[in-house]
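Worksheet for the structure shown next.
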Amino acid sequence: RLYVGNLHPSVDEYTLLQVFSKFGKVTKLDWLFHKTGLLKGRPRGYAFVEYATAADAMNALATAHGRPLRGRKLVVTFAHQAPLDQHGAAPRARKQVTDAGRPTALSMLKT
C-alpha cells in the first residue's frame with residue numbers, strides 16, 4: 001500500500017490510475033475528500049494505491065517518487081501502519097485514567 005501525496009487539485013482518479021497502472025496491476029485506489037468545512041467535497045491532495053504484488057509497488061515507489069504531475073512533484077512512500085509489538089500484535093488504545101478522588105459530574109447532579 002503506497003501513499004501518494006502532493007497531488008494538484010486538478011488531478012483526478014482517472015489520471016492517477018493512468019500514471020500508476022504503468023507499474024503493475026492496481027488492485028485498489030483510495031481517493032480521499034474533505035468531509036466538512038469550506039473544502040467539503042474537494043480532494044484532500046493525497047491518495048493510497050495498492051498493487052497486486054510487492055514488486056509492482058516497489059517499482060512504482062522507485063519510479064514515481066519525485067516525478068512531476070501537473071506542476072507538482074509526487075511524494076510516494078509506503079503507507080504508515082501501526083507499529084507491531086514484540087509478539088506481532090498492533091498496540092491497543094490506552095485507557096483513560098480518571099482521578100479517583102474527584103466526584104463525577106453525574107454524581108454531583110444526583111445530590
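Every letter in the sequence shown is one number past the one before it in the UniProt record's numbering, and letter 45, counting from 1, is 45.
Backbone N, C-alpha and C define an ideal beta-carbon position, used for all residues, glycine too.
Use the C-beta contact count for residue 12: other C-beta atoms within 10 angstroms, 16 or more gives buried, fewer gives exposed.
-> exposed
Count the other CB atoms within 10 Å of the CB of residue 62; is the residue buried (16 or more) or exposed (fewer)?
-> exposed
Buried/exposed call for residue 51, threshold 16 Cβ in 10 Å | buried
8 Å Cβ shell around residue 64 - same chain, five flanking residues per side excluded | 4, 19, 20, 23, 74, 76
Own chain residues within Cβ distance below 6 Å of residue 88, not counting five before or after | Caution applies to residue 88, whose pLDDT of 49 falls short of 50 and renders its modelled position unreliable; the value that the coordinates give is listed next. Within the same chain, residue 88 has no close Cβ partners at all.
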